[in-house]
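Residues -19 to 228, numbered by my numbering, are exactly what the sequence shown covers, in order. The structure under discussion appears below in the form of structure tokens.
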Amino acid sequence: MTAMGTQSIKVRDVFGANGGAPVEYRRVYVWEMPVRAYHWINAIALTLLCVTGYMIGRPVRMAYAAEAYRQYWFGWVRFIHFAAAYVYVFNFAARIYWGFVGNKYAKWNNFFPLTKQQREEIADVIKTDVLQVKMHGSISTGHNSLAAFIYFLTFLAFVAQSITGFALYSSMSTSWLPRMFVWVVPLLGGEMGVRYWHHLLLWFFVVFIVVHIYLSFYHDYIEGRGTVSSIIGGWKFEREKQKTGNRQ
Ligand code: HEM
Ligand code: HEM
């Protein structure tokens, strides 16, 4: 922990669990700048990819007065898809690198439930967030173990979407990166098969984004320690005497 991460401040306990008296909170620097930059570049690129991808898969019929050869709007939709695709792939590669050199909250081992404590925390979060049979679950400073494992599944979907995307792109580009994925097309039963999987994964991302944003706000409200602002400024707040489930 850096000196920056040990500053103490007094914050009013929103739930009044301390009889309304101020409670000691510690400010912890959790998400470093590269993690935050990755998060927002990824969020923007992925949103553009979902919107333009949907339009490619289900083009709207538009009646224009102009001659067809004078229109290029669909070309722009495809251009945005391909440009965002490159940003998204290299941004993700940078996050993988940061998983090896970043702080303990960014490290790759957070994403796998390798320890007994992580597995217990997954069961605890399911009881609290999903089944709602428990009022207060354990609180982790970084990702909770269930969230981290879901991010791991999302990272697998990132890889699958990049492979199928570049496989589709290989028939229209001579560049080295798409050409590396030519072999995927016969493997998935031709272009139609690749397009099918590429399209199906769109809906995985749509569901992930909706649930993810909902849960970010939910945890921010329930825990009252700056979950949403942490992915903007990097800081979270930890109650001095309540460091349960903090495996870090
Ligand atoms: C992860 C985010 C992505 C999403 C949600 C997404 C979504 C989509 C969707 C829904 C389609 C239309 C498929 C159809 O029904 O025909 C599509 C087409 C396509 N995507 Fe993606 N895609 C993503 C990433 C990528 C990446 C990384 C590449 C790599 C270059 C890529 C390249 C392509 C290509 C080449 C097409 C076909 C364009 C055409 O035929 O005009 N996509 N994408
Ligand atoms: C397209 C939209 C989004 C995508 C694809 C996305 C994806 C992700 C991913 C992959 C992570 C893990 C970060 C890492 O360790 O590298 C993450 C973390 C996080 N995201 Fe998002 N995000 C999106 C939008 C948002 C929005 C709009 C908010 C805020 C309202 C948000 C709040 C957070 C927070 C607070 C974390 C840290 C969560 C934790 O403590 O486990 N995200 N997001």
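The beta carbon of each residue, even a glycine, is placed where N, CA and C say it ideally should be. Because the structure is a prediction, the values reported are computed rather than measured.
Going straight from the alpha carbon of R159 to that of A25, what length do you get?
-> 22 Å
What are the uninterrupted segments assigned as alpha helix (DSSP H) that are 4 or more residues long and contained completely in the region 51 to 94, given in chain order?
-> 53 to 81
Sub-7 Å separation of L182 and G33 beta-carbons = G33 sits close to L182, with the two beta carbons spaced by under 7 Å.
Name the one or two DSSP bridge partners that K216 has.
-> V8
Distance between I36 and F62 (C-alpha atoms, nearest Å) | Each residue's CA atom was taken as its position, placing F62 and I36 some 11 Å apart.
Beta carbon of R75: closer than 6 Å to some heavy atom of ligand 1?
-> no
Is the beta carbon of V174 less than 7 Å from the beta carbon of L180?
-> no
Report all residues from its chain with a CB closer than 7 Å to the CB of V164; omit the five preceding and five following residues, and keep chain order.
-> Around V164: I143, T144, A147, V174.
With 16 other Cβ atoms within 10 Å as the buried cut-off, status of L29 = buried
Report yes if the C-beta of T207 is less than 6 Å from at least one heavy atom of ligand 2; otherwise report no.
-> yes
Tell me the DSSP bridge mates of V162?
-> In the DSSP output, where bridge partners are listed per residue, V162 has none listed.
Given 8 Å as the limit, is there contact between the region -1 to 18 and the region 52 to 60, that is, 3 or more CB pairs closer than that?
-> no
Just checking my contact of W11 with Y85 at CB under 8 Å: how many whole Å lie between their CB atoms?
-> 7 Å
Would you mind working out which of D104, F54, R50 sits nearest P39, comparing C-alpha positions?
-> F54
For V208, three-class secondary structure by DSSP = helix
Given I76 as reference, the closest of D109, Y49, L136 once Cα atoms are compared = L136
Could you tell me whether the Cβ of A63 comes closer than 7 Å to any Cβ of chain D?
-> Of the chains in the structure shown, none is chain D; there is only one protein chain.
Check whether the Cβ atoms of N90 and A127 sit closer than 7 Å, and answer yes or no.
-> Not in contact: N90 and A127 (Cβ atoms no closer than 7 Å).
From S150 to V162, what does the alpha carbon distance come to, in whole angstroms?
-> S150 and V162: Cα-Cα distance of roughly 6 Å.
Is any heavy atom in ligand 2 found nearer than 6 Å to the beta carbon of L26?
-> yes
When the Cα atoms are used, what is the spatial distance from S209 to S153?
-> 41 Å
Could you name the residues, in chain order, whose CB is less than 6 Å away from a heavy atom belonging to ligand 1?
-> L26, L29, C30, G33, Y34, I36, G37, R58, H61, F62, A65, Y68, V69, Q141, S142, G145, F146, L148, Y149, R175, H178, H179, L182, F185
Helix, strand or coil: how does DSSP classify V113 here?
-> coil
Using alpha carbons as the reference points, say which of F138, R7, S155 lies closest to Y68.
-> F138
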